[in-house]
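For reference, the structure discussed in these notes is given below.
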Ligand code: AMP
Ligand code: FES
Ligand code: ZN
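In this note's numbering, the protein residues as written are 815 to 1116.
Below is the structure:
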């Protein structure tokens, strides 16, 4: 197969785009998908500082690289979860990557904040991944807000977004459907949340990392039963295999035609938010979920 752009031998085949690309043209394709996402959803204004949540996995390392190559002012934030045999090597790999590439990186250690995930796991009797996700999102936003970043970028890709959309549709969850998207505006103490890789698949970010020599962390979290929404991702992969382009069509049509119907009057807009009585960040209850988790951990350790 020949590269669609330059005619050289193709290295990456993309049936959804009816194309194959050589390494250089694939990188250009990748950058253009990110530029299109940023432009269409007004993700980053000129000169704005962006905080990239870097887990050490392929998506977030690729995101840091591509945003920097596109000239954006980026810094990374890694949340060290305090999980034995996992968090130290993941953090070390993330630090090495940022150091070698000249990217500023901040590290937040959950153990120092009294929320090491193993302790949280013992104190909270709910699935740990959901609880950990809540804690991470709280600190991503809080760090970005307190340090003057205009936007917080995460490495969610098209597979993540379509699997989430599919799950929300299965439940017809109006509040989540109305709020889902690649860019959520800033509001009060919430900074803007952006997903610049939303037009790229997991395969495409993996290919980008491979071709750019990005040495990412491959092991799953020891507490997770695998990637999130695994069964939905499998279903959507089957659909994509029989009709290339379906995932993009499903998601883009939702943004263009579907989402608006879940935002209007009469729809469940989700809970009304108020400042948490302890930390001051937006909460649906008097005390936010993270401050309640902290109380449980303190009680369990007392
Ligand atoms: P996940 O939910 O694990 O697929 O992660 C989704 C995105 O959240 C990643 O692409 C990162 O941008 C971010 N993320 C997840 N875990 C961490 C972490 N420990 N530190 C910083 N960012 C993270
Ligand atoms: Fe949070 Fe595994 S429990 S990443
Ligand atoms: Zn709080």
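Idealized CB from N, CA, C, for every residue including glycine.
| Item | Value |
| --- | --- |
| For residue 1095 and residue 1003, believed in contact at Cβ under 8 angstroms, the rounded distance | 5 angstroms |
| Continuous beta strand (DSSP E) assignments of at least 3 residues falling wholly in the segment 994-1063 | 1006-1008 |
| For residue 846 and residue 859, the rounded distance between their alpha carbons | 17 angstroms |
| Same chain, Cβ closer than 7 angstroms to residue 820, five either side skipped, listed in chain order | 836 and 839 |
| Completely contained alpha helix (DSSP H) runs for the segment 864-902, where each covers 4 or more residues | 872-883 |
| Sequence-distant residues of the same chain with beta carbon closer than 6 angstroms to residue 887, five excluded per side | 863 |
| Span separating the alpha-carbon of residue 1162 from that of residue 948 | Shown here, the chain extends from 815 to 1116; a query on residue 1162 therefore has no answer. |
| Closest Cα partner of residue 851 within the set 970, 920 and 1073 | 970 |
| Where residue 922 sits in the DSSP three-state scheme | strand |
| Secondary structure of residue 1097, DSSP reduced to three states | strand |
| Pocket of ligand 1 (residues with CB nearer than 5 angstroms to any heavy atom), chain order | 867, 869, 873, 874, 892, 893, 968 and 969 |
| Among 870, 861 and 818, nearest to residue 1033 - alpha-carbon criterion | 870 |
| Reduced DSSP secondary structure (H/G/I, E/B, other) of residue 835 | strand |
| Residue closest to residue 1000, alpha-carbon to alpha-carbon, out of 955, 913, 989 and 1030 | 955 |
| Minimum Cβ-Cβ distance from residue 924 to chain B less than 8 angstroms | Reference to chain B is not applicable here, since this structure consists of a single protein chain. |
| Coil, strand or helix - residue 829 by DSSP | helix |
| Inter-residue Cα distance where the pair is residue 1102 and residue 1066 | 33 angstroms |
| The beta strand (DSSP E) enclosing residue 966, as first and last residue numbers | 965-967 |
| Expected contact under 8 angstroms - CB spacing of residue 884 and residue 848 to nearest Å | 7 angstroms |
| Residue 1047 burial status per 10 Å Cβ neighbour count (16 or more: buried) | buried |
| Cβ-Cβ separation, residue 881 to residue 1010 (assumed contact under 8 angstroms), whole Å | 7 angstroms |
| Three-state class that DSSP yields for residue 816 in the structure shown | strand |
| Identity of the residues DSSP links to residue 1088 by a beta bridge | 1097 |
| Beta carbon of residue 876 nearer than 8 angstroms to that of residue 966 | no |
| Any heavy atom of ligand 3 within less than 5 angstroms of residue CB: hits in chain order | 1090, 1092, 1093, 1102 and 1105 |
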